[in-house]
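Here the structure comes first, spelled out in structure tokens, and everything after it is commentary.
Protein chains: 2
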Amino acid sequence: MDAAVRALAEPTRREILDLVRHTERTVSDIASEFDVSRPAISQHLRVLADAELVNVRSEGTRRLYSARPEGLVELRSWMDQFWNDALSNLKVEVEREQWNERKAASKRRKK
Amino acid sequence: MDAAVRALAEPTRREILDLVRHTERTVSDIASEFDVSRPAISQHLRVLADAELVNVRSEGTRRLYSARPEGLVELRSWMDQFWNDALSNLKVEVEREQWNERKAASKRRKK
DNA sequence: GACTAACGTAAGCCATCACTTACCTAACGT
DNA sequence: ACGTTAGGTAAGTGATGGCTTACGTTAGTC
Numbered sequence: 022m023d024a025a026v027r028a029l030a031e032p033t034r035r036e037i038l039d040l041v042r043h044t045e046r047t048v049s050d051i052a053s054e055f056d057v058s059r060p061a062i063s064q065h066l067r068v069l070a071d072a073e074l075v076n077v078r079s080e081g082t083r084r085l086y087s088a089r090p091e092g093l094v095e096l097r098s099w100m101d102q103f104w105n106d107a108l109s110n111l112k113v114e115v116e117r118e119q120w121n122e123r124k125a126a127s128k129r130r131k132k
Numbered sequence: 022m023d024a025a026v027r028a029l030a031e032p033t034r035r036e037i038l039d040l041v042r043h044t045e046r047t048v049s050d051i052a053s054e055f056d057v058s059r060p061a062i063s064q065h066l067r068v069l070a071d072a073e074l075v076n077v078r079s080e081g082t083r084r085l086y087s088a089r090p091e092g093l094v095e096l097r098s099w100m101d102q103f104w105n106d107a108l109s110n111l112k113v114e115v116e117r118e119q120w121n122e123r124k125a126a127s128k129r130r131k132k
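As given, the protein sequences belong to chains A and B, one line each in that order. Residue numbers for the first sequence follow our numbering, beginning at 22 and rising by one. Residue numbers for the second sequence follow our numbering, beginning at 22 and rising by one.
Structural data, given as structure tokens:
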């Protein structure tokens with residue numbers, strides 16, 4: 022998961038993922054969409070491949086990259102965990118506050 | 022979203038989020054769980070607060086941090102988008118391969 | 001009013017990172 | 001065989017990031 026989230030931290034890499042999300046693409050094809058050099062894209066693709074967020078396939082002299090969603094599994098489950106726990110915690114806090122408010126209101130009535 | 026995913030890229034910050042996921046905690050309380058200095062934790066908390074992943078509440082001289090799941094909304098939706106698109110793309114690729122295999126098999130039969 | 005506890009912030013340091021240019025290899029066309 | 005196209009890799013560089021120590025500030029405590 023560490024590799025995945027670190028790979029996603031870079032905006033260019035997220036854009037690359039957006040590009041290969043639907044169809045596989047060659048390196049120079051991808052590089053043509055950015056204003057950085059082709060080697061830079063190659064390095065980004067290496068990071069994405071190490072994080073298992075893309076697949077590579079050789080076809081002659083070209084290399085075709087495509088998305089590999091399974092690489093997100095771990096991160097997704099961690100986020101879901103955080104999401105649910107934090108939300109339920111928020112809920113009990115709100116409930117406690119409402120309870121305190123009701124108590125204060127009844128106190129005011131007794132007065 | 023950029024701020025959120027960059028904040029999550031750091032393992033210490035993810036652990037901090039795990040700590041404040043259920044209950045709010047003070048800075049020194051959090052810092053006691055790590056082997057880095059308290060200022061380092063303060064800086065991590067600043068990054069998390071800027072990314073809107075935690076809430077802060079002052080109580081006297083102490084500051085209580087708690088999780089703020091809404092900060093993940095954007096990142097989650099991006100990931101879901103990527104996830105669904107990439108998976109459906111994988112599906113059509115597999116189907117195309119199966120189709121090619123069936124064609125090859127019928128060719129072999131004709132031979 | 002002095003002391004202390006709990007934090008935030010500033011400055012400096014070292015590691016990591018993204019990018020560039022230069023180079024190399026492998027597969028194709030002629 | 002030879003040039004060319006596609007792309008990975010190496011080395012160097014500037015910027016960013018996480019850490020530390022030192023210091024400043026604010027709210028309680030005696």
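The beta-carbon is built from N, C-alpha and C at its ideal position, and this holds for glycine as well. This structure is a prediction, so every number in the text was calculated from the model and none was measured.
Any beta carbon of chain A sitting closer than 8 Å to that of residue i?
i         : result
Arg84(B)  : no
Phe55(B)  : no
Ala88(B)  : yes
Val70(B)  : The sequence given here has Ala at residue 70(B), not Val. With 8 Å as the cut-off, Ala70(B) does not count as an interface residue toward chain A.
Arg46(B)  : no
Glu116(B) : no
Lys132(B) : Below a pLDDT of 50, predicted positions are generally treated as unreliable, and Lys132(B), at 46, falls in that range; no measurement from the model is reported.
In chain order, what residues of the same chain lie with their CB nearer than 7 Å to the CB of residue i, ignoring the 5 residues before and after it?
i        : result
Thr47(A) : Arg83, Arg84, Leu85
Ser87(A) : Val41, Glu45, Val75, Asn76
Ser28(A) : It should be noted that the sequence gives Ala, not Ser, for residue 28(A). Cβ neighbours of Ala28(A) beyond the five flanking positions: Arg34, Val68, Leu69, Ala72, Leu74.
Arg89(A) : Glu73, Leu74, Val75, Asn76
Return the chain-ordered list of same chain residues with a C-beta closer than 8 Å to the C-beta of residue i, the five sequence neighbours on each side being excluded.
i         : result
Glu25(A)  : The sequence given here places Ala at residue 25(A); Glu does not occur at that position. So the list reads Ala72, Glu73, Leu74, Gly92, Leu93, Glu95, Leu96, once near-sequence residues are dropped.
Lys132(A) : Low local confidence applies: a pLDDT of 45 at Lys132(A) is under 50, so the model's placement there is unreliable, with the coordinate-based value given in what follows. Cβ within range, chain order: n/a, list empty.
His65(B)  : Glu31, Thr33, Arg34, Ile37
Give the interface partners of residue i over in chain B, defined as CB-CB distance under 7 Å, in chain order.
i        : result
Leu40(A) : The contacting residues do not exist; Leu40(A) stays about 11 Å from chain B at best.
Arg27(A) : Ala30
Would the beta-carbon of residue i fall within 8 Å of that of residue j?
i         : j         : result
Arg34(B)  : Val68(B)  : yes
Phe103(A) : Leu108(B) : no
His43(B)  : Asn105(A) : no
Using the beta-carbon of each residue, which ones in chain A are nearer than 9 Å to residue i?
i        : result
His65(B) : Those do not exist, as His65(B) stays about 15 Å from chain A at its closest Cβ, beyond 9 Å.
Pro60(B) : Here the premise fails: no neighbours, minimum Cβ distance about 23 Å.
Name, in chain order, the residues that DSSP records as bridge partners for residue i.
i        : result
Asn76(A) : Ser87(A)
Arg34(B) : According to DSSP, Arg34(B) bridges with nothing at all.
Thr44(A) : Answer by DSSP bridge pairing: none, since Thr44(A) is not bridged.
Under 8 Å, Cβ to Cβ, is there at least one residue of chain B near residue i?
i         : result
Val77(A)  : no
Asp106(A) : yes
For residue i, which residues in the same chain have their Cβ closer than 6 Å to its Cβ, ignoring the five residues on either side in sequence?
i        : result
Asp50(A) : none
At a CB-CB cut-off below 9 Å, which residues of chain B make contact with residue i?
i        : result
Asp23(A) : Ala30, Pro32, Arg35
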